[in-house]
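Q:
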Amino acid sequence: MSTISDSQIEEELHCEDINFFKILSGANQKNFFIIEKIFNVKIDSRGCDIRISGSSQGVLKSLDLLKSFYKIISKGYCPIESDFTLGAKILKQKAHSI
């Protein structure tokens, strides 16, 4: 059995609108915790800045998911916790982005 080492990286995302950030993070940052658990990453935030660290694959998928939900939120849809759970699980299982 071979093991492929996945390098550790860190990416940042800035939300232009504090209200979008609040929806994106969820109550008590619950949506971030969901993403952390599914992708095995660490998400930190300060103000409207979000920092994701962990394996390159986990970080890039988490970033892709957050950017996708940010676009959805900017169009007026307010996703709920289960949307984040489902979106993260789909993205983790598939090789393509949302």
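With the numbering used here applied, the sequence shown has no gaps in its numbers, which climb one by one up to 126 at the end.
No residue lacks a Cβ here, since even glycine has one placed at the ideal position from N, Cα and C.
Just so it is clear, the structure is predicted and the values come from calculations on it, not from any experiment.
(1) Would you mind giving the Cβ-Cβ distance between G86 and V69, rounded to the nearest angstrom? I have them listed as a contact below 8 angstroms.
(2) Could you give the first and the last residue of the continuous alpha helix (DSSP H) run that contains E109?
(3) To the nearest angstrom, how far is the alpha carbon of L114 from that of K120?
(4) So what's K103 in DSSP terms, helix, strand or just coil?
(5) Taking K122 as the reference, give the member of G104, F67 and N59 with the closest Cα.
(6) The beta strand (DSSP E) with S53 in it runs from where to where?
(7) Identify the continuous alpha helix (DSSP H) that holds N68 and give its terminal residues.
(8) Applying the criterion that 16 or more other CB atoms from any shown protein chain within 10 Å of the CB defines a buried residue, is Y98 buried or exposed?
(9) What three-state label does DSSP hand G82 in the structure shown?
(10) Does the Cβ of K103 have 16 or more other Cβ atoms within 10 Å, making it buried, or fewer, making it exposed?
A: Once the coordinates are examined:
(1) Separation of the CB atoms of G86 and V69 is rounded to 4 angstroms, and the pair is thereby assigned contact status at 8 angstroms.
(2) Note, E109: alpha helix (DSSP H), E109 to Q121.
(3) Roughly 10 angstroms between the two C-alpha positions.
(4) Coil at K103, not helix or strand.
(5) When each option's Cα is compared against that of K122, the closest is F67.
(6) From DSSP, S53 is part of no beta strand (DSSP E) but of the alpha helix (DSSP H) over I46 to S53.
(7) Note, N68: premise wrong, no alpha helix (DSSP H); not H, not E.
(8) Counting every other CB atom within 10 Å of its CB across the protein chains shown gives Y98 a total of 16 or more, marking it as buried.
(9) G82: strand per DSSP, three-state reduction.
(10) The residue is exposed, with fewer than 16 neighbouring Cβ atoms inside 10 Å.
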